[in-house]
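Peer 1: Pasting a structure below so you can have a look.
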Amino acid sequence: MSGTKKETGFSFTIDGIEVTAYAGQTIMEAADDAGIYIPRLCDHEGLRHQGSCRVCTVKAGGRSVSACTQPAAPGQAVENETPHLNKMRRDLVEMLFHEGNHLCPICEASGNCELQAMAYRLDMTEATKFPYLEPCRALDASHPDIALDTNRCISCGRCIRASQDVDGKGVFGYVGRGIHRRVAVNGENLADTDAAVTDNAISAEVCPVGCIIRKRVGFVTPIGEREFDKGLIGHDIEEKRK
Amino acid sequence: MDNGQQAGNGVSKTACSVTPVPDGAVADICERFGNDKHRMLDILREVQDRFQCIAPATMDQIAEETGLTRIEVEGVASFYSFLSLQPKGRITIRLCDDIVDRYAGLEAVTAAFEDALGIKIGETSADGAVSLEYTPCIGMCDQAPAAMVNDIVLTNLTAQSAREVAEAIIAGKRPEDLVSDRFATLSPHDRAVRMVDNNIRHAGAVLLGPVPEDAGLSKAVSITSSQIISMIEESGLRGCGGAGFTTGRKWRFAAAERTERSFVICNADEGEPGTFKDRVLLTERPHLLIEGMTIAARAVGAKEGILYLRGEYVYLRELLEQVLEERRRRGLLGKAILGTKRFDFDIRIQMGAGAYICGEEGALISSCEGLPGEPKTRPPFPVNRGYLGYPTVVNNVETFCHAARILDQGAKWFHDIGTEGSHGTKLFSVCGDCLNPGIYELPYGHSVWELLEMVGGQDAAAVQVGGPSGAMIARDSFHRKLTFDDLATGGAIIVFNGQRNILEIVDYYMSFFVHESCGYCTPCRVGNVFLQKAIEKFRKGLANPEDIDYLKDLSGTIIETSRCGLGMTSPNPVLSTLANFPLVYSAMTQPSKDGIRATFDIQSAIDGARKIAKRRSYIFDRDFTQ
Chain A
1 MSGTKKETGF SFTIDGIEVT AYAGQTIMEA ADDAGIYIPR LCDHEGLRHQ
51 GSCRVCTVKA GGRSVSACTQ PAAPGQAVEN ETPHLNKMRR DLVEMLFHEG
101 NHLCPICEAS GNCELQAMAY RLDMTEATKF PYLEPCRALD ASHPDIALDT
151 NRCISCGRCI RASQDVDGKG VFGYVGRGIH RRVAVNGENL ADTDAAVTDN
201 AISAEVCPVG CIIRKRVGFV TPIGEREFDK GLIGHDIEEK RK
Chain B
1 MDNGQQAGNG VSKTACSVTP VPDGAVADIC ERFGNDKHRM LDILREVQDR
51 FQCIAPATMD QIAEETGLTR IEVEGVASFY SFLSLQPKGR ITIRLCDDIV
101 DRYAGLEAVT AAFEDALGIK IGETSADGAV SLEYTPCIGM CDQAPAAMVN
151 DIVLTNLTAQ SAREVAEAII AGKRPEDLVS DRFATLSPHD RAVRMVDNNI
201 RHAGAVLLGP VPEDAGLSKA VSITSSQIIS MIEESGLRGC GGAGFTTGRK
251 WRFAAAERTE RSFVICNADE GEPGTFKDRV LLTERPHLLI EGMTIAARAV
301 GAKEGILYLR GEYVYLRELL EQVLEERRRR GLLGKAILGT KRFDFDIRIQ
351 MGAGAYICGE EGALISSCEG LPGEPKTRPP FPVNRGYLGY PTVVNNVETF
401 CHAARILDQG AKWFHDIGTE GSHGTKLFSV CGDCLNPGIY ELPYGHSVWE
451 LLEMVGGQDA AAVQVGGPSG AMIARDSFHR KLTFDDLATG GAIIVFNGQR
501 NILEIVDYYM SFFVHESCGY CTPCRVGNVF LQKAIEKFRK GLANPEDIDY
551 LKDLSGTIIE TSRCGLGMTS PNPVLSTLAN FPLVYSAMTQ PSKDGIRATF
601 DIQSAIDGAR KIAKRRSYIF DRDFTQ
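First to last, the protein sequences are chains A and B. Going left to right, the first sequence walks through residues 1 to 242 as UniProt numbering numbers them. Going left to right, the second sequence walks through residues 1 to 626 as UniProt numbering numbers them.
Okay, structure coming up:
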């Protein structure tokens, strides 16, 4: 974005740091460009913004909004890295842990998992206070190359948007409402759909947790050498500022 | 609580054992709605009505006809309470499970139905004739217990009348015959008032007093759009659905958009437990409502309108269709209204299908578009980009009725009624423990106490103002005023006497919000479940003093991070009772003994292991001889 014409830009602040944004940019997009990381789970580069996990909640002009959907506005003062907001975010991440069945020690995604990494980043280091909902969700291993363990799904819907908008397929979708709302596939099971292991929706970047699993590649990279074993989630964005 | 998350790819996996849908029937239904994916809710409602089920094969077919994927159809079908992926009976009896109905004898009514029908709540009879289930508030709290039998509403049920209804249905009586033997010969209005009482206890000057026909619309065609908007602005009219946004400003924003299409939508989805004022307006003032919508259309330049009617009010559909037809015939809808060039406007009715969230502006628009009722991301706001991406004015039934009266009687007339900041009259729907439940049209500014005296609720111990998303107040707050600035309300006033259990009411309201959350965002989907579980803990006497802080803390997170009004208000039953009835909570807490939380039950904790090991615990089993 650095090459964009200066006159179309405007500035606002995030935690007192002046940031340049362009008309139509969200707070998060502007922050990413400026090397300021705003925690997020349902948002992913290249996909439509959804604003459902609420982990990116920031305060803009005194109001709490989701940074991934809220347009940046000239002169706005945004709060991001405050103890209060990080506490809210930690609550949300804890809610996601308690809603599903997240057993990090036996999960293939451990070390590559954004939910787990976000918990570390937000200092989720003590016993949590919420009740576990312990849902009973099935494993769909019907597809020759892909397995779904929906116990680990956090309903971020990144696979839904990737399949619809990038792959042009619509393999995934939401069904149900309230606590019963969840991601399901376009048919009786995954083998019944036109999902392919080469789909963008199936790629390791799209599913933030260990729900969408590519068969026969498990533990190719050993735990300890995985993405978030080396640095906090968001470090790639924050390094832009250095 | 069973959080009920189902296994696998959902309920659709259960094959429908219902009679197969005949070839071509689904295609015909889709065809009648132009194979339009935006009419998905209508298509699914019709499939449900005709075949009592939306079977997987049917979803495939609907997807094909409308150009959607099967999962998109399933997304809608699985969202709304009145649609079912599993076969339902030819007649579905939905008992209204509101707290007011519970206090009015729902338990005995349920028992009578279960006994006479030979099935339990949630079941369908083996012959596929009848289903029995609970449904949240159907807007009949002034005549509880109430029920819907397919599209027919029954009120003031008793164990005796419930048994008679059940027996009549088993004997093959059609639901409409339960209302009258001459049902077919009755006018739609007669049908409505035979099923449901209006209970108008106090008629005010604006809405329920004498109303001249179309005087407001006549005025509207004689002035410019911008003059109409100015009148509404000067009157001080604010939205009557609960949020209280200035109506004139909303119209002005929409009018300012340059666009080839725009829409006026009436929100007739009052789902707040205890609210039923719009039901009475829809029954008694339908012309005034349509007049108000037509005036709004002229003000913002809209040619198309939608009346979104909650699924529970399907019994009013015919009445409203008749009113629309009559107005088209009289030149009050359609092309060149009242002979005015370039003033074209018509309205279609969109039926809802059992989803409280659809009262939220964005969710209502989603629902009109044939999508699951999920709120939209703001901005853009509906006045800028709403239905199908076009500027859309969404107002409540009462607001449109007020607008029509303001055009007739003038801005000053309306502005002079009520108080500063809260102008005009308000319809209050009063129910619960009072002598005269029903509708009261009063100027803004009365105190709760004054209202209680009017309704015969002087022995109230608690009043829920504005329904569960509003506030529960105690006697020490009854002097407070019913205005936007003090106690704002969409209309619901629920009176509870000293015999009622505050925590039971809070528990019920939280379970309502858990049931009605759309599930889009984390705090509302998950947080409300935790809140309800915590309240259960209090009710069981298992709470520690620090659990009060937990309730406040969790409520704060839900309110601050939720995406729409539902989550921003759903903790209110907890927070307002914590503030106004603190002793109720502290009486239910006990400090930890010996460092062990009262909530920790060692017996149930080790039970699973005990079963697996097929051994008992020497230390913890109280009586090892068992």
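For glycine and all other residues, C-beta sits at the position ideal for the given N, C-alpha and C. Since this is a predicted model, take the numbers as computed values, not measurements.
Measure the alpha-carbon distance for A/K87 versus B/T522 and round it to whole angstroms.
Peer 2: So the alpha carbons of these two residues sit roughly 15 Å apart.
Peer 1: Apart from the five residues just before and just after A/L232, which ones in its own chain have a Cβ nearer than 6 Å to its Cβ?
Peer 2: Hits under 6 Å: R121.
Peer 1: Return the bridge partner residues of B/M351 from the DSSP annotation.
Peer 2: B/L309.
Peer 1: Could you spell out the range, first to last residue, of the beta strand (DSSP E) harbouring B/H202?
Peer 2: It spans 200–202 - the beta strand (DSSP E) in which B/H202 sits, taken as one unbroken run.
Peer 1: Name the residue from A/R48, A/D194, A/A72 whose alpha carbon lies nearest to the alpha carbon of A/T26.
Peer 2: Taking only the C-alpha atoms, the option nearest A/T26 is A/A72.
Peer 1: Suppose you measure from the CA of A/G178 to the CA of A/S155; what does that come to, to the nearest Å?
Peer 2: Going from the Cα of A/G178 to the Cα of A/S155 covers about 12 Å.
Peer 1: Whose Cβ in chain A lies nearer than 8 Å to the Cβ of B/I606?
Peer 2: Those within 8 Å of B/I606 in chain A number zero; the least Cβ separation is about 17 Å.
Peer 1: Quick one: which chain A residues come within Cβ less than 7 Å of B/C240?
Peer 2: Result: empty, since nearest Cβ-Cβ is about 25 Å, beyond 7 Å.
Peer 1: Kindly give me the distance between the Cβ atoms of A/I146 and A/I223, rounded to whole angstroms, as I take these residues to be in contact under 8 Å.
Peer 2: In fact, because the Cβ distance is near 22 Å, the residues do not count as touching under 8 Å.
Peer 1: Give a yes or no on whether the minimum CB-CB distance between A/M124 and chain C is below 9 Å.
Peer 2: Absence of chain C from the displayed structure is noted, the protein chains being A and B.
Peer 1: Please name the residue, chosen from B/E260, B/Y315, B/R238, that lies closest to B/F183 on a Cα-to-Cα basis.
Peer 2: Looking at the Cα atoms, B/Y315 is the closest of the given residues.
Peer 1: Are the C-beta of A/M88 and some C-beta of chain B separated by less than 9 Å?
Peer 2: It does: the Cβ of A/M88 has a partner Cβ on chain B nearer than 9 Å.
Peer 1: Using a Cβ-Cβ cutoff of 9 Å, what residues of the segment 174–188 of chain A are near chain B? List them in chain order.
Peer 2: For the segment 174–188 of chain A, which is checked against every Cβ of chain B, the residues closer than 9 Å are Y174, V175, G176, R177, G178, I179, H180, R181, R182, A184, V185, N186, G187, E188.
Peer 1: Taking the alpha-carbon of B/E360 as reference, which of B/G139, B/S469, B/K537 has the nearest alpha-carbon?
Peer 2: Out of B/G139, B/S469, B/K537, B/S469 has the C-alpha closest to the C-alpha of B/E360.
Peer 1: Taking 8 Å as the line, does the beta carbon of B/A297 fall inside it for any heavy atom of the ligand ADP?
Peer 2: What this structure holds is no ligand at all, so the ligand ADP is not there to describe.
Peer 1: What would DSSP say about B/I489, mapped onto helix, strand or coil?
Peer 2: First, the residue type needs correcting, since residue 489 of chain B is Thr and not Ile in the sequence shown. Correct three-state label for B/T489: coil.
Peer 1: What are the residues of the segment 368–389 of chain B that lie near chain A, defined by any Cβ-Cβ distance shorter than 9 Å?
Peer 2: Those would be P372, G373, E374, T377, R378, P379, in chain order.
Peer 1: When the Cα atoms are used, what is the spatial distance from B/F343 to B/E64?
Peer 2: Their backbone Cα atoms lie some 38 Å apart in a straight line.
Peer 1: Give, in chain order, every residue of the segment 558–589 of chain B whose Cβ lies closer than 7 Å to some Cβ of chain A.
Peer 2: The segment 558–589 of chain B vs chain A, Cβ under 7 Å: E560, T561, R563.
Peer 1: Please name the residue in B/M231, B/A460, B/V455 whose C-alpha comes closest to that of B/S429.
Peer 2: Among B/M231, B/A460, B/V455, the Cα nearest to that of B/S429 is on B/V455.
Peer 1: Alpha carbon to alpha carbon, how far is B/A159 from B/I306? Give it in angstroms, no decimals.
Peer 2: C-alpha separation (whole angstroms): 39 Å.
Peer 1: Is the segment 87–100 of chain A close to the segment 53–68 of chain A, with three or more CB pairs under 8 Å?
Peer 2: They touch, by the three-pair rule.
Peer 1: On the DSSP bridge assignment, give the partners of B/C431 in chain order.
Peer 2: DSSP output for B/C431 lists B/I494 as bridge partner(s).
Peer 1: Any Cβ of chain A within less than 9 Å of the Cβ of B/E65?
Peer 2: No, B/E65 does not count as interfacial toward chain A.
Peer 1: B/F79 touches chain A at which residues, Cβ-Cβ below 9 Å?
Peer 2: Under the 9 Å cutoff, chain A gives Y174, V175, G176, R177, R181.
Peer 1: Evaluate the contact criterion for the segment 252–269 of chain B versus the segment 381–396 of chain B: three or more CB pairs, one atom per stretch, below 8 Å.
Peer 2: Yes, the segment 252–269 of chain B touches the segment 381–396 of chain B.
Peer 1: Is B/M40 near B/G370, with beta carbons less than 9 Å apart?
Peer 2: Yes, Cβ-Cβ distance for B/M40 and B/G370 is below 9 Å.
Peer 1: If you measure beta-carbon to beta-carbon, which residues of the segment 466–479 of chain B are closer than 7 Å to chain A?
Peer 2: The segment 466–479 of chain B vs chain A, Cβ under 7 Å: nothing.
Peer 1: If you measure from the beta carbon of A/V166 to each beta carbon in chain B, is any gap under 9 Å?
Peer 2: Chain B contact via Cβ: absent.
Peer 1: Across which residues does DSSP place B/C266 in a beta bridge pair?
Peer 2: The partner list for B/C266 (beta bridge, DSSP) reads B/L307, B/N395.
Peer 1: Can you tell which of B/L583, B/E272, B/S604 has the C-alpha that lies nearest to the C-alpha of B/C431?
Peer 2: When only C-alpha atoms are compared, the closest one is B/E272.
Peer 1: Taking the straight line between their C-alpha atoms, what separation do you get for A/A30 and A/D236?
Peer 2: C-alpha separation (whole angstroms): 15 Å.
Peer 1: Considering only C-alpha positions, which residue in the set B/A166, B/F496, B/V394, B/L451 is nearest to B/D433?
Peer 2: Taking only the C-alpha atoms, the option nearest B/D433 is B/F496.
Peer 1: How should B/A403 be labelled, buried or exposed, when 16 other C-beta atoms within 10 angstroms of its C-beta is the threshold for buried?
Peer 2: Classification for B/A403: buried.
Peer 1: Going by beta carbon distance, what residues of the same chain come within less than 7 Å of A/G157, once the five residues before and after it are set aside?
Peer 2: Cβ neighbours of A/G157 beyond the five flanking positions: C42, Q50, S52, Y174, V183.
Peer 1: Which residue marks the beginning of the beta strand (DSSP E) containing A/G173, and which one marks its end?
Peer 2: First-last of the beta strand (DSSP E) with A/G173: 172–175.
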